[in-house]
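The structure appears below as structure tokens.
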Amino acid sequence: MNAAVVLFDDFNASEGHFNLAPSFSGSNLNLNASSTAVRDTTFAASREGAGFERINIVPTTVGSSSRLRFLSGGGTPSNNTAFTTTASGTDGFIGFWLKTAVSGWTAQIALDGPLPDFQGGVPKSVIADGLWHLYEWNLDLASDWGAVAGIAGNTTFEQGSQTIDSIVFRNTATPSSSIIDLDFVAKSNSGTVAAITPAAVPEASSFLAVGVVGLSALGVVWSRKKRAVVQHAA
Numbered sequence: 089m090n091a092a093v094v095l096f097d098d099f100n101a102s103e104g105h106f107n108l109a110p111s112f113s114g115s116n117l118n119l120n121a122s123s124t125a126v127r128d129t130t131f132a133a134s135r136e137g138a139g140f141e142r143i144n145i146v147p148t149t150v151g152s153s154s155r156l157r158f159l160s161g162g163g164t165p166s167n168n169t170a171f172t173t174t175a176s177g178t179d180g181f182i183g184f185w186l187k188t189a190v191s192g193w194t195a196q197i198a199l200d201g202p203l204p205d206f207q208g209g210v211p212k213s214v215i216a217d218g219l220w221h222l223y224e225w226n227l228d229l230a231s232d233w234g235a236v237a238g239i240a241g242n243t244t245f246e247q248g249s250q251t252i253d254s255i256v257f258r259n260t261a262t263p264s265s266s267i268i269d270l271d272f273v274a275k276s277n278s279g280t281v282a283a284i285t286p287a288a289v290p291e292a293s294s295f296l297a298v299g300v301v302g303l304s305a306l307g308v309v310w311s312r313k314k315r316a317v318v319q320h321a322a
């Protein structure tokens, strides 16, 4: 049996779990306190829906390596939405959409696993073309996971209860300012997160036509924002 679809944050009503300043984490490196993260409601600029999170990363020293651990729920498991992975069956993919025009950045998702300890998705290079791109990790593929460099983590993925700790951004030659937009943080029940991402703005009206019974049958999990994600048929 497949795991449930989970929408963690879509930023359409609030910042959700990502409501703390970038400087909140003590694991940051070369991050100026003037760095910001705010919900943006420029409708045409979001990946889907009414809003997205705009992160402005400002380094203390321009040109040096930097790291931002952008916390979800303050990095506290009890503040986040839990999901469970198993060694058998299909757990799906977990990921998010990013948009930037600034080169040199990588991104990875960091989970708080059952030990508890970090379980980091392998860092992915962020495409700097000013367009939205999906970055996701296969919860059923061991090679997609490892430690979170410079912070902590397991070298092997531990099955069990999981929550999102953070999204970690890195740059080895940080420019004076980097805008990175974040939208639709979610987990599929099988296959890519792209399949459960609503159509680009304006939002797909098809959600309105799906009844509660239909949503339950699709394995939808409600986020605290009272919004659902529909797993479309293959």
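When we follow this note's numbering, the leftmost residue of the sequence shown carries the number 89, and every step to the right adds one. Glycine included, each C-beta is placed from N, C-alpha and C at the ideal position. In this text the structure is predicted, and so the values were computed from the model without any measurement.
* Asked: For the candidate residues G238, R142, S266, whose alpha-carbon lies nearest to that of T130?
  -> It is R142 whose Cα lies nearest to the Cα of T130.
* Asked: Can D128 and L186 be called in contact, C-beta distance under 9 Å?
  -> For D128 and L186, no; Cβs fall outside 9 Å.
* Where DSSP assigns a beta bridge to Q207, which residues make up the other side? -> Its beta-bridge partners are L199.
* Take I255 as the anchor and find which of S122, I267, T194, A282 has the nearest alpha-carbon. => Selected option, being the one with the closest Cα: T194.
* Asked: Is it buried or exposed for N334, if we count other Cβ within 10 angstroms and need 16 for buried?
  -> There is simply no residue 334 to check, as the chain begins at 89 and stops at 322 in what is shown.
* Go ahead and label V126 buried or exposed: buried means 16 or more other beta carbons lie within 10 angstroms of its beta carbon, across all protein chains shown. => It counts as exposed.
* Asked: Does the distance from the C-beta atom of I145 to that of S266 stay below 9 Å?
  -> Contact flag set, yes.
* Asked: What residue from K275, D97, D232 has the CA that sits closest to E136's CA?
  -> Of the candidates K275, D97, D232, the one whose C-alpha sits nearest the C-alpha of E136 is D97.
* To do: Have a look at G241 and G192 and give me their C-alpha separation to the nearest angstrom.
  => When rounded, the distance between both Cα atoms is 23 Å.
* Compute every distance between the C-beta of L199 and the non-hydrogen atoms of the ligand FAD, then say whether any falls below 8 Å. => Although the ligand FAD was asked about, the structure shown includes no ligands whatsoever.
* T251 and A132 closer than 9 Å at C-beta -> No; because the gap between Cβ atoms is not below 9 Å, this pair is not in contact.
* Asked: Should L219 be labelled buried (16 or more other beta-carbon atoms within 10 Å of its own) or exposed?
  -> Per the 10 Å Cβ criterion, exposed.
* Candidates P165, N120, A189, G139, of which the one nearest L156 by Cα -> Selected option, being the one with the closest Cα: N120.
* Asked: Between the stretch 226-234 and the stretch 100-111, are three or more C-beta pairs nearer than 8 Å?
  -> Touching, no, given that fewer than three Cβ pairs across the two stretches are closer than 8 Å.
* To do: Using the Cα positions of F184 and V281, report the straight-line distance between them to the nearest angstrom.
  => Roughly 8 Å separates the two Cα atoms.
* Asked: Given F206, which residues of its chain have a CB within under 8 Å of its CB, disregarding the five upstream and five downstream residues?
  -> Closer than 8 Å at the Cβ level, and outside the excluded window around F206, lie A198, L199, D200, A235, V236, I239, A240, G241, N242, D253.
* **Residues that DSSP places opposite Q250 in a beta bridge** => Beta-bridge pairing links Q250 to F171.
* Excluding the five sequence neighbours on either side, which residues of its own chain have a C-beta within less than 7 Å of the C-beta of A111, listed in chain order? -> Going by the sequence as given, residue 111 is Ser instead of Ala. So the qualifying residues of the chain are L119, A121, S123.
* **Close Cβ partners of K313 (< 6 Å) along its chain, the five nearest in sequence each way excluded** => Any reading at K313 must be qualified, since the residue scores a pLDDT of 35, below 50, and its modelled position is unreliable; no value is offered.
* To do: Check F295 in the structure and name its three-state DSSP category.
  => The predicted model places F295 with a pLDDT of 35, which falls under 50 and marks its position as unreliable, so this point remains unresolved.
* Exposure label - S134; buried when at least 16 CB within 10 Å -> S134 comes out buried.
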